[in-house]
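Before any comments, here is the structure.
Number of protein chains: 2
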Amino acid sequence: MNVDAYFVPAGVEPADVAERTAVVIDVIRATSTIVTALAHGARAVYPTVSTEDALKLASSLGRDDTLLCGERKGLKVDGFDLGNSPAEYTEETVGDKRLVMSTTNGTRAFAAAAGAERVVAASFLNLGAVADALEGAEELVVICAGKEDRFSLDDAVCAGHLLRELEERGGEPLGTDDAATAALRLAAELTPDEAFLRSTRAGLALVEIGLESDLALCARRDVFAHAPEMEDRVIRLSSGGSESE
Amino acid sequence: MNVDAYFVPAGVEPADVAERTAVVIDVIRATSTIVTALAHGARAVYPTVSTEDALKLASSLGRDDTLLCGERKGLKVDGFDLGNSPAEYTEETVGDKRLVMSTTNGTRAFAAAAGAERVVAASFLNLGAVADALEGAEELVVICAGKEDRFSLDDAVCAGHLLRELEERGGEPLGTDDAATAALRLAAELTPDEAFLRSTRAGLALVEIGLESDLALCARRDVFAHAPEMEDRVIRLSSGGSESE
Numbered sequence: 000m001n002v003d004a005y006f007v008p009a010g011v012e013p014a015d016v017a018e019r020t021a022v023v024i025d026v027i028r029a030t031s032t033i034v035t036a037l038a039h040g041a042r043a044v045y046p047t048v049s050t051e052d053a054l055k056l057a058s059s060l061g062r063d064d065t066l067l068c069g070e071r072k073g074l075k076v077d078g079f080d081l082g083n084s085p086a087e088y089t090e091e092t093v094g095d096k097r098l099v100m101s102t103t104n105g106t107r108a109f110a111a112a113a114g115a116e117r118v119v120a121a122s123f124l125n126l127g128a129v130a131d132a133l134e135g136a137e138e139l140v141v142i143c144a145g146k147e148d149r150f151s152l153d154d155a156v157c158a159g160h161l162l163r164e165l166e167e168r169g170g171e172p173l174g175t176d177d178a179a180t181a182a183l184r185l186a187a188e189l190t191p192d193e194a195f196l197r198s199t200r201a202g203l204a205l206v207e208i209g210l211e212s213d214l215a216l217c218a219r220r221d222v223f224a225h226a227p228e229m230e231d232r233v234i235r236l237s238s239g240g241s242e243s244e
Numbered sequence: 000m001n002v003d004a005y006f007v008p009a010g011v012e013p014a015d016v017a018e019r020t021a022v023v024i025d026v027i028r029a030t031s032t033i034v035t036a037l038a039h040g041a042r043a044v045y046p047t048v049s050t051e052d053a054l055k056l057a058s059s060l061g062r063d064d065t066l067l068c069g070e071r072k073g074l075k076v077d078g079f080d081l082g083n084s085p086a087e088y089t090e091e092t093v094g095d096k097r098l099v100m101s102t103t104n105g106t107r108a109f110a111a112a113a114g115a116e117r118v119v120a121a122s123f124l125n126l127g128a129v130a131d132a133l134e135g136a137e138e139l140v141v142i143c144a145g146k147e148d149r150f151s152l153d154d155a156v157c158a159g160h161l162l163r164e165l166e167e168r169g170g171e172p173l174g175t176d177d178a179a180t181a182a183l184r185l186a187a188e189l190t191p192d193e194a195f196l197r198s199t200r201a202g203l204a205l206v207e208i209g210l211e212s213d214l215a216l217c218a219r220r221d222v223f224a225h226a227p228e229m230e231d232r233v234i235r236l237s238s239g240g241s242e243s244e
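Listed in order, the protein sequences are those of chains P and U.
According to numbering that gives the first Met the number 0, the first sequence is numbered sequentially starting from 0.
According to numbering that gives the first Met the number 0, the second sequence is numbered sequentially starting from 0.
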């Protein structure tokens with residue numbers, strides 16, 4: 000398996016993802032939240048880059064069973080139904096709902112991945128299931144959301160742990176570009192627990208706005224046994240998945 | 000000392016460097032070449048982003064003592080005097096010359112750093128001298144050139160080795176952002192020898208165009224005892240420096 004990694008979505012060109020399998024990672028917090036929401040019964044997540052697009056899409060989908068979700072500067076957007084904390088996405092709140100979601104970094108990573116053959120949403124919460132879903136993929140592109148176009152250590156370390164798992168399963172070294180090599184090296188050194196997440200820039204930003212409790216939720220490994228996939232810009236639970244939490 | 004690092008210049012805003020000391024790193028090969036050129040008697044290096052700007056600047060400086068230098072796709076630009084191999088920059092060739100230089104990645108990193116209080120050019124060739132020059136700096140920004148807006152492992156590992164040296168000298172941990180933390184971790188694992196440089200994407204690209212011999216030149220540590228600085232977009236040997244090769 001050959002792997003290219005991008006630490007921010009800004010440099011990803013359509014040709015970089017075409018005919019390849021893309022994995023999108025935004026540990027703090029978009030993919031952690033999306034994985035949680037779908038595991039808790041949401042029908043689909045529609046990532047949109049701007050809040051304006053989110054509003055338009057939600058009204059065209061019909062507001063009865065659609066929730067407006069997302070954040071700016073970490074906090075729920077005014078007038079939206081939900082923010083970007085995994086804790087908000089309970090079965091009671093999101094069960095059978097469509098979620099239109101706009102976040103600062105994560106939804107841009109999905110936009111950058113949109114031209115790939117497959118697009119899989121990954122977080123620590125579903126790392127093993129993502130590794131299952133990637134079995135047989137030959138050309139992989141890992142797109143980290145980063146934070147405001149800058150490198151995020153939490154995403155890079157998550158990418159590295161995913162690649163380690165793929166390498167162990169495949170029984171041979173992956174073909175890696177510089178960024179994927181770096182991610183593997185970082186994962187060999189860094190354990191993704193709550194204290195680690197708190198030390199990152201994204202983690203510190205959450206602590207500052209009083210959302211520290213999200214970090215423990217995002218640090219859990221393999222609590223959901225599904226790898227959501229995006230098709231035609233809609234993210235859904237892949238048919239093979241099941242919830243293990 | 001607080002350190003922010005950028006793995007590509009694309010995301011660097013003027014406010015990110017203002018009133019701070021910036022270090023520019025392009026191991027393969029711009030800063031390795033610039034450091035070599037100045038150590039070998041070049042009077043000054045004028046980094047320019049486009050080859051058109053290089054041509055204009057060279058003719059306004061006067062072509063008698065000015066050399067046009069730089070590469071595209073690794074190879075010397077048609078009509079230019081020199082490419083981007085450190086080996087070309089001998090005392091005989093560059094002594095007392097002004098060098099107008101345009102490279103694919105390195106000169107963009109200098110452009111991104113231009114608004115900083117000080118801008119220092121670093122490579123493995125002069126890492127110790129750069130650490131000397133940074134003594135007393137409180138707010139440091141490390142700008143890696145990367146490769147075509149993508150992460151370059153050689154630059155990141157060089158940044159990490161510089162930060163390790165600063166940390167050892169200072170006797171206390173640096174305050175690091177996510178990227179600087181990652182650079183430190185990578186440097187703890189990766190030794191910057193010729194084989195390592197050959198394994199990077201930039202190194203492989205040099206091998207492909209027959210310039211593999213540059214890698215050994217770029218991998219040497221501390222062969223020059225000066226830290227060139229850029230002022231008003233001109234890079235010169237800092238007054239305190241002396242040549243140790």
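Just so it is clear, CB atoms sit at the ideal spot from N, CA and C, and this is done for glycine as well.
All values reported here derive from a predicted model rather than from experimental measurement.
Proximity of residue i and residue j at Cβ, strictly below 8 Å
i: ALA57 (chain U); j: THR50 (chain U); result: no
i: SER122 (chain P); j: CYS157 (chain P); result: yes
i: ASP52 (chain P); j: VAL140 (chain P); result: no
i: MET229 (chain P); j: ALA120 (chain P); result: yes
i: PRO227 (chain U); j: LEU60 (chain U); result: no
i: PHE150 (chain P); j: ASP231 (chain U); result: no
i: SER237 (chain U); j: ALA132 (chain U); result: yes
i: CYS143 (chain U); j: PHE6 (chain U); result: yes
i: VAL118 (chain U); j: ALA112 (chain U); result: yes
i: ASP153 (chain P); j: VAL22 (chain P); result: no
i: PRO191 (chain U); j: ALA108 (chain U); result: no
i: ARG184 (chain P); j: LYS146 (chain P); result: no
First and last residue of the uninterrupted alpha helix (DSSP H) at residue i
i: GLY169 (chain U); result: 152-169
i: GLU188 (chain U); result: 177-188
i: ILE33 (chain P); result: 29-38
i: ASP52 (chain U); result: 50-60
i: VAL222 (chain U); result: Per DSSP, VAL222 (chain U) belongs to no alpha helix (DSSP H) and is neither H nor E.
i: ALA4 (chain P); result: It is not in any alpha helix (DSSP H) - ALA4 (chain P) instead sits in the beta strand (DSSP E) that spans 1-5.
i: GLU270 (chain P); result: Examination of residue 270 (chain P) is not possible in this model, given that chain P is present from 0 through 244 alone.
i: ALA204 (chain U); result: 200-207
i: ASP131 (chain U); result: 126-132
Per DSSP, cross-strand counterpart(s) of residue i
i: SER101 (chain U); result: U:GLY69
i: LYS96 (chain U); result: Paired residues: none, contrary to the question.
i: ILE24 (chain U); result: U:ALA121 and U:CYS143
i: ASN83 (chain P); result: According to DSSP, ASN83 (chain P) bridges with nothing at all.
i: PRO46 (chain U); result: U:MET100
i: ASP15 (chain U); result: Answer by DSSP bridge pairing: none, since ASP15 (chain U) is not bridged.
i: ARG149 (chain P); result: P:LYS146
i: LEU74 (chain U); result: U:ARG71
i: GLY174 (chain P); result: P:ASN1
i: GLU116 (chain P); result: None; GLU116 (chain P) has no bridge partner.
i: GLU138 (chain P); result: P:ASN1
Contact set for residue i: own chain, Cβ-Cβ below 6 Å, skip 5 residues either direction
i: SER241 (chain U); result: Residue placement at SER241 (chain U) is flagged as unreliable, the pLDDT there being 44, under the threshold of 50; a coordinate-derived value is accordingly withheld.
i: ALA43 (chain U); result: ARG97, VAL233 and ARG235
i: ASP63 (chain P); result: none
i: THR102 (chain U); result: ALA29, GLY69, GLU70 and ASN83
i: THR175 (chain P); result: VAL2
i: GLU138 (chain P); result: ASN1 and ARG19
Cβ-based neighbour list, residue i, same chain, cut-off 7 Å, excluding 5 preceding and 5 following
i: LEU124 (chain P); result: SER31, VAL34, THR35, ARG219, VAL222 and PHE223
i: HIS39 (chain P); result: TYR88, THR89, GLU90, VAL93 and GLY94
i: PHE79 (chain P); result: LEU67, CYS68 and GLY69
i: THR106 (chain P); result: ALA29, PRO46, THR47, VAL48 and MET100
i: GLY114 (chain U); result: PRO13, VAL16 and ALA17
i: GLY10 (chain P); result: none
i: ALA182 (chain U); result: ALA4, ALA155, ALA158, GLY159 and LEU162
i: GLY73 (chain P); result: ALA204, LEU205, ILE208 and LEU210
i: LEU189 (chain P); result: VAL156 and PHE195
i: LYS75 (chain U); result: LEU81 and GLY82
Own chain, CB closer than 8 Å to residue i, minus 5 neighbours either side, in chain order
i: ALA130 (chain P); result: LEU161, GLU164, LEU165 and ARG168
i: ARG197 (chain P); result: LEU203, VAL206, GLU211 and LEU214
i: ALA179 (chain P); result: VAL2, ASP3, ALA4, VAL141, ALA158, LEU162 and LEU173
i: ASP77 (chain P); result: none
i: LYS55 (chain P); result: none
i: LEU126 (chain P); result: CYS157, HIS160, LEU161, GLU164, ARG220 and ASP221
Opening and closing residue of the beta strand (DSSP E) in which residue i lies
i: ARG235 (chain P); result: 233-235
Review point. When Cβ atoms are compared, which residues of the stretch 42-61 of chain U fall closer than 9 Å to chain P?
Key: none
Point to revise | Short-range partners of chain U found in the stretch 100-114 of chain P, where Cβ spacing is below 7 Å | key: Within the stretch 100-114 of chain P, no residue qualifies.
Review point. Just by C-beta distance, which residues in the stretch 207-219 of chain U are closer than 8 Å to chain P?
Key: none
Review point. In the stretch 6-17 of chain P, which residues sit with their C-beta less than 8 Å from some C-beta in chain U, listed in chain order?
Key: PHE6, VAL7, ALA9 and GLY10
Review point. Listed from N- to C-terminal order along the chain, which residues in the stretch 146-160 of chain U have their beta-carbon within a distance smaller than 7 Å of any beta-carbon of chain P?
Key: Contact annotation: in the stretch 146-160 of chain U, residues whose CB is within less than 7 Å of a CB in chain P are ASP148, ARG149, PHE150, SER151, LEU152 and ALA155.
Exercise for review: Taking a Cβ distance cut-off of 9 Å, strictly less, list which residues of the stretch 177-208 of chain P are near chain U, in chain order.
Suggested key: ASP177, ALA178, THR180, ALA181, ARG184, LEU185, ALA187, GLU188, LEU189, SER198, THR199, ARG200 and ALA201
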